[in-house]
Amino acid sequence: MYAVGLEKGSHGLVVREIPKPFIESDNQVLVKVLQAGICGTDRNMIRWGEKDFPPGEDFLVLGHEAMGQVQVVGPGVKTLQPGDIVVPTVRRGCGQCACCLNGQSDMCCTGLYRERGIHKIHGYFTEYFVDDEEYLAKVPTGLADLAVLTEPLSISEKAISQLRTLQLRVLWLARHQEHQPGAKEWGHGKIALVIGAGPIGLLGTALLRLGDAETYVIEIVGEEHIKVQLIRELGAHYIDGRGKTVEDIVAEMGNPDIILEASGASKLALSLMPILARNGVYILTGIPRGEREVQLDGNLILRQMVRCNHLIIGSLNSNREHFVTALHDLARLRDTFGSVLDKVITHRYHLLDYQEAFQPKGSSELKVIFDMQRQQ
Ligand code: BGC
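All residue numbers for the sequence shown refer to the working numbering, where the first residue is 26 and numbers rise by one.
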């Protein structure tokens, strides 16, 4: 079978013939890849030459967002059968720390984890893969066409779930978390700011809107961009950040209780820290590469943090629970916002057209996916 990935000594992506995998233990499952998404991490790995090959190999199959169909199950597999549609998780825990041993490999303490298509283990830009049952989440009927978005949505799910847990430090908010009939959604009455409207930012916006937070999204694109259309369809407000100062932004939206950073633009991200409302939570998901020196008022940032009980945290990766929640929320999002999420997938290519798939596409681009059933 063929696979697309990074090779030692070459620049950019290459296609290679690799052996088709087979089940080697009772709890394993053979999955045929149906769709796989391209993510900023893939682009960065190519651009910055980050190649974390599996031990002893000189090739890494790229791709960590996928949806596929179960072909064969080992005799010990309990919850899946051939024909089921599944999404695989990304991280494989270190097998040593308490987090990894208790289902929270996204919080791995040793850093010795592997990630499919990213660190030391092959990904999904290929025809088939084998994995343990525990790393596959079954896609409910009727959601197969959105399921390739489960992985990026799971990243936003983790960020939002961290945020909600952290809000419990304020007792008044904690008391209002109990689910009572007729209770308002968790974000009701809160103002949220999302920085960056790539897939993670937009999916995060969708979750904030599902939680009824009044949500503003800052980006640097014109009205004609698909991102702006989708922000509005989610009932969020668009802030065109071009030429705006931090003061202009506050004048437009007030002080946000929640900031979700999904751009990796460090200057903007840092300069917006002091605008958080009292007791606000700022959660960072964007990962800037390279170096960037910025000049900021450090005293202002620290002063506001302390005086206003600000909480600033980073959030990386997601665990199986976030995938399961994401699958559940895909259905809720479709019920609430109609076809908005379908529009997030803007371009589809056959995997062998990978060069073209990775080319920038201007204002019509959001999520580009490989669709294995598509004609080349
Ligand atoms: C993935 C995460 C992963 C991270 C590593 C992201 O694109 O969604 O699962 O942990 O890359 O850099």
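Glycine residues also receive a C-beta, built at the ideal position from the N, C-alpha and C atoms.
Cα-Cα separation, residue i to residue j
i	j	result
E277	L325	21 Å
K145	L196	43 Å
D156	V54	6 Å
E158	V102	6 Å
P107	G207	41 Å
D367	A169	11 Å
M397	A162	20 Å
R373	Y149	16 Å
L17	L171	Outside the displayed range of the chain (26 to 401) lies residue 17, so it cannot be described from this structure.
G65	P80	24 Å
G167	R359	11 Å
L227	G221	8 Å
D83	R116	21 Å
Coarse secondary structure for residue i, derived from DSSP in three states
i	result
R41	strand
Q398	coil
K163	strand
Q384	coil
D83	coil
T270	coil
H335	coil
L171	coil
E210	coil
E49	coil
G226	helix
S287	According to the sequence shown, residue 287 is Ala rather than Ser. Coil, per DSSP.
I370	strand
Buried versus exposed, by CB contacts within 10 Å (16 or more), residue i
i	result
V331	exposed
I284	buried
A238	buried
D51	exposed
A199	exposed
D131	buried
Q384	exposed
E249	exposed
W16	The question about residue 16 has no answer, for the chain in this structure spans 26 to 401.
F47	exposed
D282	buried
H147	buried
Any C-beta of chain C under 8 Å from that of residue i
i	result
D237	Protein chains in the displayed structure number just one, and chain C is not present.
Whole beta strand (DSSP E) elements within the segment 88-149, 3-residue minimum: When DSSP assignments are scanned along the segment 88-149, the uninterrupted stretches of beta strand (DSSP E) that are 3 or more residues long and fall wholly within it turn out to be 90-98, 110-113 and 139-141.
Evaluate the contact criterion for the segment 115-135 versus the segment 67-74: three or more CB pairs, one atom per stretch, below 8 Å. When C-beta atoms of the segment 115-135 are compared with those of the segment 67-74, fewer than three pairs fall below 8 Å, so the two segments do not count as touching.
Contained beta strand (DSSP E) runs [length at least 3] in the segment 300-329, N- to C-terminal order: Correct list: 306-309.
Pairs of beta-carbons, one from the segment 333-342 and one from the segment 299-317, closer than 8 Å: are there three or more? Judged by pairs of C-beta atoms under 8 Å, the segment 333-342 touches the segment 299-317, as three or more such pairs exist.
Answer yes if the segment 125-143 comes into contact with the segment 340-359, meaning at least three C-beta pairs across the two stretches below 8 Å, and no otherwise. The segment 340-359, when compared against the segment 125-143, does touch it at the 8 Å Cβ threshold.
Cβ pair count under 8 Å reaching 3, the segment 175-187 against the segment 265-279: Not touching, per the Cβ criterion.
Beta strand (DSSP E) segments (min. 3 residues) lying fully within the segment 238-266: Those beta strand (DSSP E) runs which fall completely within the segment 238-266 and span 3+ residues are 239-244 and 262-265.
Stretch pair the segment 251-258 + the segment 353-369: three plus CB contacts closer than 8 Å: Output reads yes: the segment 353-369 touches the segment 251-258.
Which residue spans inside the segment 335-368 form an unbroken beta strand (DSSP E) run of at least 3? Taking only runs of at least 3 residues, the beta strand (DSSP E) segments lying wholly in the segment 335-368 are 336-339.
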